[in-house]
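Note sheet for the following structure.
Residue numbers (the numbering used here), protein chains in the order written: chain A, 23 to 123; chain B, 42 to 248.
Here is the structure:
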């Protein structure tokens, strides 16, 4: 088992998350893609923590922080999606142009 | 290669295949309910990878928080926003998708060459293993004390903000007067469905 395997896996997950973030049109799916990207970053942190910092595991501490921030982000993001759905009666990302111009 | 390394490599391969497949399903499947359940599969695979990285506490936290809280929250959001709508097709949508795919594949190639070329200074110290939770607790209450407390304040702010953003607005005077309102309907302020910018909506494609 090497460090590079985990880093390449995290890079693949991050790229899949970026693809979903840009191309999906349902607002809930965009939030799911953001969660995928956060998980990729967490996997990077955990791999570095295990292979480079085995004794004082600061990467795991950062991962716990990122997990808590991600939970808060998911709650607020889904509340925003719900409010926009009540207001505009759609979840299509192409029609959310309230802040565009 | 002894038995333990073989088991590690086989389980890593299985977990990696599960994770990549579930993530592709999250992004590519047309039905969003399947996407939400596959997102739970991705989270569980990532928790298994954490177990391979000698981090049992974080793997448990991942299963509890992501699968137990975030995924259920997303499923509830899908149920609340349950509208079967066919999105209006955008002209030349394939250009956007293919350009995004090219950019993502290029980014992946860049990142993997960077990972493979860089000489990593692998530490030879033995990993913490079962003492990880003790070390995490020591970090939380000594040198990461301020971020730890700030995280709790941020969770409280997110809780209150989510409640305020997602609640409906009731009219208390109508609640007092309309005692014989029909059952199972909630008095609600009439919402302004047409808001600013509605004239900019994408017109349906002329066929």
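From the three backbone atoms N, C-alpha and C, an ideal C-beta is built for every residue, glycine too.
Subject >> is_contact[residue 186 of chain B, chain A] using C-beta, thresh 9 Å >> reply: no
**OP:** Return the first residue and the last residue of the alpha helix (DSSP H) that residue 111 of chain B is part of.
**Re:** Premise fails: residue 111 of chain B is in no alpha helix (DSSP H) and is neither H nor E.
**OP:** Determine whether the Cβ of residue 83 of chain A lies closer than 9 Å to any Cβ atom of chain B.
**Re:** yes
Subject >> Proximal residues to residue 42 of chain A (C-beta, below 6 Å), its chain only, five neighbours per side dropped >> reply: 55
Original post:
Any idea what DSSP makes of residue 97 of chain B, helix, strand or coil?
Top reply: helix
Original post:
Whose C-beta lies closer than 8 Å to the C-beta of residue 204 of chain B among residues of the same chain, with five residues either side of it excluded?
Top reply: none
Subject >> Cβ-based burial, residue 190 of chain B [other Cβ within 10 Å; buried from 16] >> reply: exposed
Original post:
By how many angstroms is the C-alpha of residue 160 of chain B removed from the C-alpha of residue 119 of chain B?
Top reply: 45 Å
Subject >> Per-residue burial, residue 56 of chain B [other beta carbons within 10 Å of its own, 16 or more giving buried] >> reply: buried
Original post:
Looking at the C-beta of residue 60 of chain B, does it have a partner C-beta in chain A at a distance below 9 Å?
Top reply: yes
**OP:** Give a yes or no on whether 9 Å exceeds the smallest Cβ distance from residue 50 of chain A to chain B.
**Re:** yes
Subject >> Top-ranked residue by Cα proximity to residue 73 of chain B, from B:95, B:123, B:45 >> reply: B:123
**OP:** Measure the alpha-carbon distance for residue 53 of chain B versus residue 80 of chain B and round it to whole angstroms.
**Re:** 19 Å
**OP:** Determine, using beta carbons only, whether residue 120 of chain A and residue 53 of chain A come nearer to each other than 9 Å.
**Re:** no
Original post:
Roughly how many angstroms separate the alpha carbons of residue 248 of chain B and residue 149 of chain B, rounded to a whole number?
Top reply: Low confidence applies here, because residue 248 of chain B scores a pLDDT of 49, under 50, leaving its location unreliable; read the following figure in that light. So the alpha carbons of these two residues sit roughly 39 Å apart.
Original post:
What residue range is occupied by the uninterrupted alpha helix (DSSP H) comprising residue 31 of chain B?
Top reply: Lying before the first or after the last residue shown, residue 31 of chain B is absent from chain B, which here runs from 42 to 248.
**OP:** Below 6 Å CB to CB, which residues in the same chain sit around residue 73 of chain A once its five sequence neighbours on both sides are set aside?
**Re:** 25
**OP:** Measure from the alpha carbon of residue 85 of chain A to the alpha carbon of each residue in B:201, B:185, B:199, then state which is nearest.
**Re:** B:185
Subject >> Residue(s) in a DSSP beta bridge with residue 48 of chain A >> reply: A:114
Original post:
Could one say the Cβ of residue 86 of chain A lies closer than 9 Å to chain B's Cβ atoms, at least one of them?
Top reply: yes
Original post:
In three-state DSSP terms, what is residue 75 of chain A?
Top reply: coil
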